[in-house]
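**Q** From first to last, the protein sequence lines stand for chains A and W.
All residue numbers for the first sequence refer to full-length UniProt numbering, where the first residue is 1 and numbers rise by one.
All residue numbers for the second sequence refer to full-length UniProt numbering, where the first residue is 1 and numbers rise by one.
For each residue, glycine too, the CB sits at the ideal point set by N, CA and C.
Only a predicted model underlies this, so the values are computations on that prediction, with no experimental measurement involved.
Below are the structure tokens for one structure; questions will follow.
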Amino acid sequence: MDLNHPLLASAVDLLPPFPSSHPQIQRLDRSLYCQICKELFSGPVSIPCGHSFCSRCIRGSLEVMKKCPSCNEPASEGSIRRNRALEEIVDSWEEARPIIHGLTSNNSRKRSIMNTGPKNAFAAESTKRPRKESTSRSVSPVKQSSDKKEEIDGDADDMIALDPYTNMAESSEDVKASCPLCDITMPIRDISRHIDLGCQPIKPRPKSQGRENLKADWKKVFSGAGLVKGKDVELKKITKPNYSLATPAELRSVLQSYNLSTFGDKPALAHRVQEWILLYNSNLDTSHPKSLGALRAKLNEAEASRRRDKEKGREEMASELKTSDGLARYAQDTKGEFERLRREIMERDKKRVGSGAEAPIEIE
Amino acid sequence: MSLPKRILKETERLLADSPPGITAAPKDDNLRHFDVTVAGPDSSPYQGGVFKLELFLPEEYPMNPPKVRFLTKVYHPNIDKLGRICLDILKDKWSPALQIRTVLLSIQALLGAPNPDDPLANDVAQHWKDDEKDAIAEAKRWTQQYAQ
């Protein structure tokens with residue numbers, strides 16, 4: 001077994017680690033990983049002790065034990081709260097990570113950019129990312145308060161602008177491509193969102209065009225037009241049934257109300273309901289929720305792959321027992337077990353009949 | 001095979017950079033089943049020995065602990081003759097924040113710090129309590145005989 005195993009090859013880390021020459025950045029990066037799944041937080045939530053995990057991870061963990069995986073302090077599902085600040089940090093880190101990674105692994109290039117100076121820092125700042133109003137606004141007070149900081153920020157922005165990754169992303173604003181799943185043509189930047197939503201058509205995002213539009217947007221917010229009515233009803237968390245008391249019919253009706261398969265015996269139904277509630281409820285803890293269709297597909301995929309594993313194991317066993325070699329091996333492996341059973345039976349019979357009786361079982 | 005990303009990541013890291021004195025590699029036919037070796041810690045009766053273990057990741061991992069068992073015979077109050085290990089983090093103290101690496105390091109630490117007050121092998125634990133020196137000598141003999 002080596003690193004070239006095909007299954008491991010597919011797992012090659014999408015996020016390359018930072019070099020050890022930058023321990024501070026390594027630490028920052030590490031602190032944004034969930035302790036349970038060891039991935040960047042997705043839909044992070046906090047529990048009373050203050051530790052944070054992905055919603056899905058901690059919900060799954062609390063089903064098994066009602067305590068914090070990090071510090072063992074008691075915790076329950078009802079105490080889970082969304083951690084929006086952490087989510088925003090992870091989102092922006094995900095965007096910034098490739099850029100910073102490029103900088104840490106290419107020191108010489110960094111220095112040459114530093115020398116070209118931070119002259120046009122503000123120009124870069126004002127023209128970039130018109131959509132991300134909130135982030136640039138939160139940065140600016142810091143810039144004004146200290147000149148030193150401004151220089152550093154300026155450098156960073158300069159480098160961002162020079163990075164081939166972002167350049168590509170910005171110039172591809174209007175480039176179109178077809179979705180790998182459904183072949184509908186759309187702008188490249190919309191494709192990942194389109195796939196996340198389960199291949200639904202994406203409405204073009206309104207581009208903010210200066211003050212006029214801003215004003216109109218605010219008007220909409222104040223008049224309440226931005227709120228989608230009826231959304232609250234749909235976005236309620238599912239209450240868990242009592243799995244030991246619920247009848248199969250009740251479980252089926254839960255599954256039916258979400259358009260899920262109602263096939264299987266009670267344990268299978270309960271397992272499906274449990275997993276669905278986990279997926280569904282954790283999906284409500286993120287700002288990038290998936291469509292119900294995507295959740296359903298995920299549930300089905302997990303179930304199918306579990307079934308495949310089980311069948312594979314059974315087939316292997318059956319095919320092994322067909323060959324005389326395999327049969328011999330099986331006999332060898334389970335010899336101890338047979339011996340033990342035989343001895344036990346002999347002793348039991350001896351006790352029952354009395355010391356004078358012969359051992360009634362003879363096995364060659 | 002359905003293998004969570006976390007298991008693949010852990011495996012990758014174990015293969016690329018394993019903790020000192022510990023090796024762990026999955027079997028070719030089942031990536032949830034690991035062959036493990038642990039070197040006996042220095043200044044313990046197990047020093048110089050290399051102990052084979054098997055580790056299995058159940059389907060519920062990491063919500064449930066991995067199953068670990070010694071394959072090499074060990075004379076230790078917390079390890080019975082079937083190789084089963086009495087270690088809190090493999091049972092009620094398990095947490096999904098732990099991983100294969102931390103489990104194996106804990107097992108190595110357990111070799112260095114036998115605890116006869118929480119025994120699994122009662123006769124060994126009694127031996128340890130009655131005559132620690134003799135028990136340690138016995139453990140050394142076993143290490144020489146079985147763990148080379």
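Using the three-state DSSP reduction, which class does THR23 (chain W) fall into: helix, strand or coil?
**A** The residue labelled residue 23 (chain W) in the question sits at position 23 within the second sequence. Reduced to three states, the DSSP call for THR23 (chain W) is strand.
**Q** Got a sec: is the Cβ-Cβ distance from LYS9 (chain W) to anything in chain A below 7 Å?
**A** Within the second sequence, numbered from 1, the residue matching residue 9 (chain W) stands at position 9. Yes - at least one Cβ of chain A is within 7 Å of the one on LYS9 (chain W).
**Q** For chain A, is any of its Cβ atoms less than 7 Å away from the one on SER18 (chain W)?
**A** The residue given as residue 18 (chain W) occupies position 18 in the second sequence. Not one chain A Cβ lies under 7 Å of SER18 (chain W).
**Q** Mind checking whether ILE47 (chain A) and SER79 (chain A) have CB atoms under 7 Å apart?
**A** Locating residue 47 (chain A) in the first sequence gives position 47, where the first residue counts as 1. Locating residue 79 (chain A) in the first sequence gives position 79, where the first residue counts as 1. Yes, they are a contact pair.
**Q** Using a Cβ-Cβ distance under 7 Å, would PRO41 (chain W) count as near chain A?
**A** Residue mapping note: residue 41 (chain W) aligns to position 41 of the second sequence, counting from 1. Not one chain A Cβ lies under 7 Å of PRO41 (chain W).
**Q** Whole-angstrom Cβ separation of SER95 (chain W) and ASN259 (chain A), contact assumed at under 8 Å?
**A** Against the second sequence, residue 95 (chain W) aligns to sequence position 95. Against the first sequence, residue 259 (chain A) aligns to sequence position 259. No, SER95 (chain W) and ASN259 (chain A) are not in contact; Cβ-Cβ is about 36 Å, not under 8 Å.
**Q** Taking the runs of the alpha helix (DSSP H) that are 4 residues or longer, which of them lie wholly in the region 248-274 of chain A?
**A** The region 248-274 of chain A contains these whole alpha helix (DSSP H) runs: 248-257.
**Q** Tell me the DSSP secondary structure of LEU245 (chain A) in three-state form.
**A** For this step, residue 245 (chain A) is matched to residue 245 along the first sequence. Note: LEU245 (chain A) maps to coil in three-state DSSP.
**Q** Taking 7 Å as the cut-off, decide whether the C-beta atoms of SER70 (chain A) and ALA97 (chain W) are in contact.
**A** Along the first sequence, one-based indexing puts residue 70 (chain A) at 70. Along the second sequence, one-based indexing puts residue 97 (chain W) at 97. Yes, these two residues count as a Cβ contact at 7 Å.
**Q** Using a cut-off of 8 Å between C-beta atoms, extract the partners of ILE191 (chain A) located in chain W.
**A** Stepping through the first sequence from its first residue, residue 191 (chain A) is reached at position 191. None at all; the shortest Cβ gap to chain W is about 22 Å.
**Q** From the beta carbon of CYS71 (chain A), is the nearest beta carbon of chain W less than 7 Å away?
**A** Indexing the first sequence from 1 puts residue 71 (chain A) at position 71. False, the Cβ-Cβ gap to chain W never drops below 7 Å.
**Q** Using the rule of at least 16 other Cβ atoms within 10 Å of the residue's Cβ for burial, across every protein chain shown, is ASN83 (chain A) buried or exposed?
**A** Within the first sequence, residue 83 (chain A) is the residue found at index 83, counting from 1. Buried is the call here.
**Q** Starting from the Cα of ARG6 (chain W), find the closest Cα among W:ASP134, W:ARG101, W:ALA121 and give me that residue.
**A** Reading the second sequence from its first residue, position 6 is the one you call residue 6 (chain W). The candidate whose alpha carbon is nearest that of ARG6 (chain W) is W:ARG101.
**Q** Can PRO44 (chain A) and LEU15 (chain A) be called in contact, C-beta distance under 7 Å?
**A** Looking up residue 44 (chain A) in the first sequence gives position 44. Looking up residue 15 (chain A) in the first sequence gives position 15. Cβ atoms of PRO44 (chain A) and LEU15 (chain A): not closer than 7 Å.
**Q** Taking the alpha carbon of PRO267 (chain A) as the point to measure from, which residue in A:ARG97, A:ARG193, A:LYS38, A:ARG252 has its own alpha carbon closest?
**A** On the first sequence, position 267 is the one that residue 267 (chain A) refers to. The shortest Cα separation from PRO267 (chain A) among A:ARG97, A:ARG193, A:LYS38, A:ARG252 belongs to A:ARG252.
**Q** With C-beta atoms as the reference, is PRO77 (chain W) less than 7 Å away from PRO45 (chain W)?
**A** Stepping through the second sequence from its first residue, residue 77 (chain W) is reached at position 77. Stepping through the second sequence from its first residue, residue 45 (chain W) is reached at position 45. No.
**Q** Report the residue ranges of all beta strand (DSSP E) runs contained in full by the UniProt domain "UBC core" (2-148) of chain W; include only those spanning at least 3 residues, in chain order.
**A** Complete beta strand (DSSP E) runs here, min 3: 22-26, 33-39, 50-56, 67-70.
**Q** For the region 113-142 of chain W, list every residue whose C-beta sits within 8 Å of some C-beta in chain A, in sequence order.
**A** The region 113-142 of chain W vs chain A, Cβ under 8 Å: nothing.
**Q** In the DSSP assignment, the beta strand (DSSP E) including THR185 (chain A) goes from what residue to what residue?
**A** Along the first sequence, read from residue 1 onward, the residue named residue 185 (chain A) stands at position 185. Start and end: 185-187.
**Q** What separation, rounded to the nearest whole angstrom, lies between the Cα atoms of LEU82 (chain W) and ARG69 (chain W)?
**A** Within the second sequence, the letter at position 82 stands for residue 82 (chain W). Within the second sequence, the letter at position 69 stands for residue 69 (chain W). Straight-line Cα distance between these residues: approximately 8 Å.
**Q** Per DSSP, which residues does PRO44 (chain A) bridge with? Please list them.
**A** Residue 44 (chain A) sits at position 44 when you count from the first residue of the first sequence. Per DSSP, A:CYS54.
**Q** Indicate whether ASN281 (chain A) and LYS237 (chain A) have their beta-carbon atoms separated by less than 7 Å.
**A** Translated into positions along the first sequence, residue 281 (chain A) becomes position 281. Translated into positions along the first sequence, residue 237 (chain A) becomes position 237. Yes, the Cβ-Cβ distance between ASN281 (chain A) and LYS237 (chain A) is below 7 Å.
**Q** Closest by CA to THR11 (chain W), which one among W:PRO20, W:THR143, W:ALA25?
**A** To locate residue 11 (chain W), count along the second sequence from 1; it is residue 11. The shortest Cα separation from THR11 (chain W) among W:PRO20, W:THR143, W:ALA25 belongs to W:ALA25.
**Q** Within 10 angstroms of its Cβ, does GLY49 (chain W) collect 16 or more other Cβ (buried), or is it exposed?
**A** Stepping through the second sequence from its first residue, residue 49 (chain W) is reached at position 49. Buried: at least 16 other Cβ atoms inside 10 Å.
**Q** Using a beta-carbon distance cut-off of less than 8 Å, what residues from the region 51-64 of chain A approach chain W?
**A** For the region 51-64 of chain A, which is checked against every Cβ of chain W, the residues closer than 8 Å are CYS57, GLY60, SER61, GLU63, VAL64.
**Q** Run the CB neighbour count on SER324 (chain A), radius 10 Å, all protein chains shown included, and call it buried at 16 or more, exposed below.
**A** In the first sequence, residue 324 (chain A) corresponds to position 324, counting from 1. Exposed, since its Cβ has fewer than 16 Cβ neighbours within 10 Å.
**Q** Which residues in the same chain have their Cβ closer than 6 Å to the Cβ of ALA359 (chain A), if we skip the five residues on either side of it in sequence?
**A** To locate residue 359 (chain A), count along the first sequence from 1; it is residue 359. Any answer about ALA359 (chain A) is weak, because its pLDDT of 49 lies below 50 and its placement is not dependable; what the coordinates show is given next. These residues qualify, in order along the chain: MET346.
**Q** Quick check on DSSP: helix, strand or coil for PRO180 (chain A)?
**A** As a first step, residue 180 (chain A) must be located in the first sequence, where it is residue number 180. Note: PRO180 (chain A) maps to coil in three-state DSSP.
**Q** Got a sec, what are the start and stop residues for the alpha helix (DSSP H) SER20 (chain A) sits in?
**A** Position 20 of the first sequence holds residue 20 (chain A). That residue, SER20 (chain A), is in no alpha helix (DSSP H); it is neither H nor E in DSSP.
**Q** Name the DSSP bridge partner or partners of LYS67 (chain A)?
**A** Taking the first residue of the first sequence as 1, we reach residue 67 (chain A) at position 67. Its beta-bridge partners are A:PRO74.
**Q** At 7 Å on the CB atoms, spell out the chain W contacts of CYS182 (chain A), in chain order.
**A** Mapped onto the first sequence, residue 182 (chain A) falls at position 182. Neighbours of CYS182 (chain A) on chain W: none; closest Cβ ~25 Å, over 7 Å.
**Q** On the DSSP bridge list, what partners appear for TYR33 (chain A)?
**A** Looking up residue 33 (chain A) in the first sequence gives position 33. According to DSSP, TYR33 (chain A) bridges with A:LEU40.
**Q** Could you tell me the distance, in whole angstroms, from the CA atom of LYS66 (chain A) to the CA atom of SER291 (chain A)?
**A** For the purposes of this step, residue 66 (chain A) is identified with residue 66 of the first sequence, where counting begins at 1. For the purposes of this step, residue 291 (chain A) is identified with residue 291 of the first sequence, where counting begins at 1. About 29 Å.
**Q** Closer than 7 Å by beta-carbon distance: list the chain A residues that pair up with PRO62 (chain W), in chain order.
**A** Working through the second sequence from its first residue, we reach residue 62 (chain W) at position 62. By Cβ distance, chain A contributes ILE36.
**Q** Going by C-alpha to C-alpha distance, which of W:PRO66, W:TYR61, W:GLN47, W:THR72 sits closest to LEU87 (chain W)?
**A** Counting from 1 along the second sequence, the entry for residue 87 (chain W) is found at position 87. Of the candidates W:PRO66, W:TYR61, W:GLN47, W:THR72, the one whose C-alpha sits nearest the C-alpha of LEU87 (chain W) is W:PRO66.
**Q** Starting from the beta carbon of ARG6 (chain W), find every residue of chain A whose beta carbon is closer than 7 Å, and list them in chain order.
**A** The sequence position of residue 6 (chain W) within the second sequence is 6, counting from 1. Result: CYS37, LYS38.
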